[in-house]
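Here the structure comes first, spelled out in C-alpha cells, and everything after it is commentary.
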Amino acid sequence: MAYWLFKSEPDAWSWDQQVKKGDAGEEWGGVRNYQARNFMREMKIGDQGFFYHSRQGLEIVGIVEVCAEAHPDSTTDDARWECVDIKAVKPMPKPVSMKNVKANPKLEDMVLVKNSRLSVQPVKPEEWEEVCRMGGL
DNA sequence: GCCAACGTTGGC
DNA sequence: GCCAACGTTGGC
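full-length UniProt numbering numbers the first residue of the first sequence as 1 and each following residue consecutively.
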C-alpha cells in the first residue's frame with residue numbers, strides 16, 4: 001500500500017465535486033508532467049492519497065483512494081499521457097493547511113513543501129500518519 | 001495580482 | 001546536446 005497526494009485548484013476541480021462522484025470516482029486527467037505521470041503509473045488499486053486544494057484553500061481537505069490504475073488520459077489523444085481514477089473516501093475532520101505542514105518539523109521533507117509545483121506526489125508512511133493525526137483522524 | 005521556481009521547447 | 005526563451009504553476 002502506497003500513499004500519494006493529489007493537488008487541484010478548487011476552481012477547476014474541488015473536493016466537493018470529487019465527493020459528489022462517490023464510489024464511481026473520477027479520472028485524474030489533464031496532468032501534463034512526466035514526473036506526475038510516472039507516479040500515477042506506479043499506483044495500485046486501493047492506494048490512498050491526500051486531496052489538496054492549491055492556490056485557493058492551501059490545505060489537505062480529504063482522503064481519496066485509487067480505484068482504477070493508469071490508463072490513457074481521455075482529455076487528450078496524445079498517447080504519452082496516462083492517468084488513474086480516484087474516489088473520495090472521507091473528509092479531513094480538520095483540514096491540514098500548508099502553514100501547519102510547514103510548521104511541523106516532521107513534515108519538512110514532504111514533497112508538498114520541497115517541490116510545491118508537482119501536482120501528483122508520493123507521501124511517506126510516516127508523513128501520512130502525521131498528517132492524519134493533525135487532521136483529527 | 002505578483003513573481004520565483006520549474007518544466008518544456010526549439011534554434012543553434 | 002546545450003541553453004535561452006517562454007509558459008505555467010502556486011505560495012505569498
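The beta-carbon is built from N, C-alpha and C at its ideal position, and this holds for glycine as well. All values derive from a computational prediction rather than experimental measurement.
From the DSSP output, in three-state form, read off residue i for me.
| i | result |
| --- | --- |
| Q17 | helix |
| W128 | helix |
| G57 | coil |
| G62 | strand |
| P122 | strand |
| L5 | strand |
| residue 138 | With the chain covering 1 to 137 only, the question about residue 138 has no answer from this structure. |
| G22 | helix |
| E42 | helix |
How would you label residue i, buried or exposed, when you count the other beta carbons within 10 angstroms and need 16 or more for buried?
| i | result |
| --- | --- |
| I45 | exposed |
| Y3 | buried |
| K7 | buried |
| S119 | buried |
| D77 | exposed |
| D23 | exposed |
Just to confirm the assignment, what range does the beta strand (DSSP E) spanning residue i have?
| i | result |
| --- | --- |
| V82 | The displayed chain sequence assigns Glu, not Val, to residue 82. Here the beta strand (DSSP E) through E82 covers 82-97. |
Would you tell me roughly how many angstroms separate the C-alpha atoms of residue i and residue j, rounded to the nearest one?
| i | j | result |
| --- | --- | --- |
| Q56 | S116 | 14 Å |
| V19 | P95 | 15 Å |
| A36 | M134 | 26 Å |
| K102 | K114 | 10 Å |
| L107 | A88 | 24 Å |
| D11 | V61 | 14 Å |
| I63 | P93 | 11 Å |
| G25 | T75 | 16 Å |
| K99 | E130 | 15 Å |
| P112 | E69 | The amino acid at residue 112 is misidentified as Pro; the sequence shows Leu. Approximately 23 Å, taken between the alpha carbons. |
| N33 | F39 | 10 Å |
| L58 | N104 | 16 Å |
Could you please give the first and the last residue of the uninterrupted alpha helix (DSSP H) stretch that includes residue i?
| i | result |
| --- | --- |
| V111 | 111-114 |
Validate contact between the segment 29-37 and the segment 51-58 using beta carbons, cut 8 Å, 3 pairs: Output reads no: the segment 51-58 does not touch the segment 29-37.
Contact the segment 119-135 vs the segment 70-82: 3+ CB pairs below 8 Å: Contact fails: fewer than three Cβ-Cβ distances are below 8 Å.
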